[in-house]
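Take the sequence shown: its position 441, counting from 1, is numbered 441 in UniProt numbering, and each next residue is one higher. To keep things clear, I will list the structure first and then write my remarks on it.
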Amino acid sequence: MEIEYGDITSDEAVGFCLPDPRKAREDTLSLLQAMIRNRCENFGDGLCKESRSIKVLQDYLEGHGLQTECHARPERPERHNIVSSIGSGSPRVMLGPAHVDVVPATPDDASQVQQVYSGWDEDPWSGTVTDGEVFGRGAVDMLNTVAAMAVAFVSIKESGVALNGTLLFCAVSDEEAGGEDGAKFILSDPGLKKLFTADYCVTELGGASIPDFKLRPTLSFFQSTAEKGTTKVEVTLRGRPGHGSVPRAADNALVRAAEVVRRVHAYSAPTVITPEWKGFVKALQLPGPLEWLLTFPPLLPLVLMVLLKMGSPIAPVGHALTRLTMSPNALVGAVKDNVVPGICTVAVDCRTLPGQSEEYVLDHVRKALGSDIASDVDHCSIGAQSHIPASRSEPDTPLWKAMEKAASAVIKGASLVPVMLPGGTDCRYYRGIGGAVAYGANLLEPSMTFGDLTKRFHGQNERIGLRSLWTSVQFYSLMVKNLMVAESA
Numbered sequence: 001m002e003i004e005y006g007d008i009t010s011d012e013a014v015g016f017c018l019p020d021p022r023k024a025r026e027d028t029l030s031l032l033q034a035m036i037r038n039r040c041e042n043f044g045d046g047l048c049k050e051s052r053s054i055k056v057l058q059d060y061l062e063g064h065g066l067q068t069e070c071h072a073r074p075e076r077p078e079r080h081n082i083v084s085s086i087g088s089g090s091p092r093v094m095l096g097p098a099h100v101d102v103v104p105a106t107p108d109d110a111s112q113v114q115q116v117y118s119g120w121d122e123d124p125w126s127g128t129v130t131d132g133e134v135f136g137r138g139a140v141d142m143l144n145t146v147a148a149m150a151v152a153f154v155s156i157k158e159s160g161v162a163l164n165g166t167l168l169f170c171a172v173s174d175e176e177a178g179g180e181d182g183a184k185f186i187l188s189d190p191g192l193k194k195l196f197t198a199d200y201c202v203t204e205l206g207g208a209s210i211p212d213f214k215l216r217p218t219l220s221f222f223q224s225t226a227e228k229g230t231t232k233v234e235v236t237l238r239g240r241p242g243h244g245s246v247p248r249a250a251d252n253a254l255v256r257a258a259e260v261v262r263r264v265h266a267y268s269a270p271t272v273i274t275p276e277w278k279g280f281v282k283a284l285q286l287p288g289p290l291e292w293l294l295t296f297p298p299l300l301p302l303v304l305m306v307l308l309k310m311g312s313p314i315a316p317v318g319h320a321l322t323r324l325t326m327s328p329n330a331l332v333g334a335v336k337d338n339v340v341p342g343i344c345t346v347a348v349d350c351r352t353l354p355g356q357s358e359e360y361v362l363d364h365v366r367k368a369l370g371s372d373i374a375s376d377v378d379h380c381s382i383g384a385q386s387h388i389p390a391s392r393s394e395p396d397t398p399l400w401k402a403m404e405k406a407a408s409a410v411i412k413g414a415s416l417v418p419v420m421l422p423g424g425t426d427c428r429y430y431r432g433i434g435g436a437v438a439y440g441a442n443l444l445e446p447s448m449t450f451g452d453l454t455k456r457f458h459g460q461n462e463r464i465g466l467r468s469l470w471t472s473v474q475f476y477s478l479m480v481k482n483l484m485v486a487e488s489a
């Protein structure tokens, strides 16, 4: 089916709260560019100064007569988290938490005054618009969403419409390094939790078209209703240090660690077919036999292996979303190139499906290593350093219905597909600590497929289309209308 997506404008959205589409587009672009240029790079050291971009949002909101509250941990005063509200009572519906920190973009030579970024067609901190797309780090993760939510929020306030409940806009710091100074902080503090809590919230990651088997865009748009959990496991190997010139007189812990890395990498945990994976496969519009094979546990690993060799983008996603994954990502222990290390630690990044516990993870790490390594207590110890469980919000909710109605109003024929993310977002805190129904929700132009979006995340030439910014503003506006405004209003 041919899809047309020139200028996507919904008469319903314009009539509800966007009477001047040009102004809404300009405001969204201006906010996005300002936040890109603020360069809130999160290196994970706690020193990111998100206050720069929070100030941009605060000025925008307060410039339209809205009150805001800004909070940060006392020891991290530059890591701001902001909230603003319209209306009162229940339900509490949040546009956010939307994070303003971004991952770094690394220049070829940081010592140069004029920095060069290989693989980028535009400076990643410029916010340059080229061929209808805004270039810059954070353009899709997730400053585009922050800007669209802010404009939708202000537009709803300016419309003067009466809301059934409280609408909130929330922007946070530190999502890219785990949210300790952001979403986790505001929900763990009893006083702030009352201010920042919500019954329903929408944040990243959603809105891209799920392509068909020939990689053509469709009108099925993914929205994340679940995300995998994270368990950080350390496997420590002990040997006997010695001089590098006489290696056989020592017991090299690095050699032991190398075998651990090899075995963990080669291990495949049992296949689990989740409702989200079934829905995703169905949306791919595959030939019947292939759809069946991709949801049949005994054959799925073999099918994914064949698809991977064929270069299909389905393969790595399918592998991640149908099992516990274990990736040996860091090695610590070697101290000097002429010293045989006596101890090494392999850090294993484990991602769990809903219902998979810390003990489940450790059990499979032991199985991956085999009894000859795992049971050798003199030379090997295994321990979980942290465990964040997988989280899920079921799609059978008033918020989901409001999203479906909004999407079809903006893009005729649009349907939404619940999916699980292999990574984590601030949704896990709002679901876990806050008890909210939380989705990663958006609506982008149909030409932006799931594969395109994932390539741009944290990648070179990160960029977002101007049409996608506009569809997002309309989507969030109508979602609020459908959820919080009486039919007769």
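All C-beta atoms in this analysis are idealised placements derived from N, C-alpha and C, irrespective of residue type, glycine included.
- Between which two residues does the beta strand (DSSP E) harbouring C427 extend? For this step, residue 427 is matched to residue 427 along the sequence shown. No beta strand (DSSP E) holds C427; the alpha helix (DSSP H) holding it covers C427 to G432.
- Task: Answer yes or no: do E175 and S391 have a C-beta to C-beta separation smaller than 8 angstroms?
- Result: Here residue 175 refers to the residue found at position 175 when the sequence shown is read from its first residue. Here residue 391 refers to the residue found at position 391 when the sequence shown is read from its first residue. No, these two residues do not count as a Cβ contact at 8 angstroms.
State the beta-bridge partners of Q223 as determined by DSSP. The residue labelled residue 223 in the question sits at position 223 within the sequence shown. Partner residues in the beta bridge of Q223, as assigned by DSSP, are G206 and P418.
* Going by other Cβ atoms of all chains shown within 10 Å of its Cβ, with 16 needed for buried, is Q114 buried or exposed? -> Your numbering for residue 114 matches position 114 in the sequence shown. By the neighbour-count criterion, in which a residue is buried when 16 or more other Cβ atoms sit within 10 angstroms of its Cβ, Q114 is exposed.
First and last residue of the alpha helix (DSSP H) that includes M35? Indexing the sequence shown from 1 puts residue 35 at position 35. Per DSSP, M35 belongs to the alpha helix (DSSP H) from P21 to N38.
Quiz item: Within 10 angstroms of its Cβ, does Q385 collect 16 or more other Cβ (buried), or is it exposed?
Solution: On the sequence shown, residue 385 is found 385 positions in, with the first residue counted as 1. Q385 is exposed by the Cβ-count criterion.
Residues that DSSP places opposite I382 in a beta bridge: Residue numbering aside, residue 382 sits at position 382 when the sequence shown is read from its first letter. According to DSSP, I382 bridges with V235.
Discussion item. Residues in the same chain with beta-carbon distance under 6 angstroms from M1, minus the five sequence neighbours each way, listed in chain order, please.
Written reply: Residue numbering aside, residue 1 sits at position 1 when the sequence shown is read from its first letter. At M1, the pLDDT of 40 sits below 50, so the modelled position is not reliable; the number obtained from the coordinates is stated separately. Excluding residues within five positions, none has a Cβ falling inside 6 angstroms.
*Can you say whether H265 is buried or exposed, counting buried as having 16 or more other CB atoms within 10 angstroms of its CB?*
Here residue 265 refers to the residue found at position 265 of the sequence shown. Classified as exposed, H265 has fewer than 16 neighbouring CB atoms from the shown chains inside 10 Å of its CB.
Item to complete: Could you spell out where the beta strand (DSSP E) holding L47 opens and where it closes?
Response: The residue given as residue 47 occupies position 47 in the sequence shown. Premise fails: L47 is in no beta strand (DSSP E) and is neither H nor E.
- prompt: Which stretch, first to last residue, makes up the beta strand (DSSP E) that contains H99?
  reply: Numbered from its first residue, the sequence shown carries residue 99 at position 99. Segment R92 to H99, the beta strand (DSSP E) holding H99.
- request: Throw me the rounded Cβ distance for the L369 and R263 pair, which I believe falls under 8 angstroms.
  value: Position 369 of the sequence shown holds residue 369. Position 263 of the sequence shown holds residue 263. A Cβ-Cβ separation of about 6 angstroms places L369 in contact with R263 under the 8 angstroms criterion.
**Any beta strand (DSSP E) of 3 or more consecutive residues that is wholly inside the UniProt domain "Peptidase M20 dimerisation" (225-371)** = For the beta strand (DSSP E) assignment, the uninterrupted runs of no fewer than 3 residues enclosed by the UniProt domain "Peptidase M20 dimerisation" (225-371) are, from N- to C-terminal side, 229-238, 325-332 and 343-352.
**Item:** Span separating the alpha-carbon of W470 from that of A283
**Value:** Looking up residue 470 in the sequence shown gives position 470. Looking up residue 283 in the sequence shown gives position 283. Each residue's Cα considered, the two are about 25 angstroms apart.
task: Could you check how far apart the C-beta atoms of A253 and G333 are, in whole angstroms? I think they sit under 8 angstroms.
output: Here residue 253 is taken as the residue at index 253 of the sequence shown, counted from 1. Here residue 333 is taken as the residue at index 333 of the sequence shown, counted from 1. With a beta-carbon spacing of about 6 angstroms, A253 and G333 fall inside the 8 angstroms limit used to define contacts.
### Task
Mind reading off the beta-carbon distance from P341 to P241? Whole number of angstroms is fine, and I expect it under 8 angstroms.
Against the sequence shown, residue 341 aligns to sequence position 341. Against the sequence shown, residue 241 aligns to sequence position 241. The pair is a contact, with the Cβ atoms about 6 angstroms apart (cut-off 8 angstroms).
Compute the distance between the beta-carbons of T231 and V103, then report whether it is under 8 angstroms. Residue 231 sits at position 231 when you count from the first residue of the sequence shown. Residue 103 sits at position 103 when you count from the first residue of the sequence shown. No, Cβ-Cβ distance for T231 and V103 is not below 8 angstroms.
**Asked** Which residue's Cα is closest to the Cα of E62: R73, F196, V83 and P270?
**Response** Start at 1 with the first residue of the sequence shown, and residue 62 comes out as number 62. Of R73, F196, V83 and P270, the residue nearest in Cα terms is V83.
TODO: Using beta-carbon positions only, say whether L307 and A315 come within less than 8 angstroms of one another.
DONE: Looking up residue 307 in the sequence shown gives position 307. Looking up residue 315 in the sequence shown gives position 315. Cβ atoms of L307 and A315: closer than 8 angstroms.
Residue closest to P217, alpha-carbon to alpha-carbon, out of I186, Q285 and M310 = Here residue 217 corresponds to residue number 217 of the sequence shown, with the count starting at 1. Nearest in C-alpha terms to P217, of all of I186, Q285 and M310, is Q285.
Taking DSSP as the reference, what is the three-state secondary structure of V103? Numbered from its first residue, the sequence shown carries residue 103 at position 103. In the structure shown, V103 sits in coil (DSSP, three-state: anything other than H, G, I, E or B).
Along the chain, where does the beta strand (DSSP E) containing Y439 start, and where does it finish? Mapped onto the sequence shown, residue 439 falls at position 439. Going by DSSP, Y439 is part of the beta strand (DSSP E) stretching over V437 to G440.
Which one of I411, A374, Y439 and F169 has the shortest CA to CA distance from P398?
-> Within the sequence shown, numbered from 1, the residue matching residue 398 stands at position 398. Ranking I411, A374, Y439 and F169 by Cα distance to P398 puts Y439 first.
Notebook entry, point to check: From which residue to which residue does the beta strand (DSSP E) around R463 run?
Noted result: The residue you call residue 463 lines up with position 463 of the sequence shown. Note, R463: beta strand (DSSP E), R463 to G465.
- request: Could you check what DSSP says for G119 in three-state terms: helix, strand or coil?
  value: Stepping through the sequence shown from its first residue, residue 119 is reached at position 119. Secondary structure at G119: coil, using DSSP grouped into helix, strand and coil.
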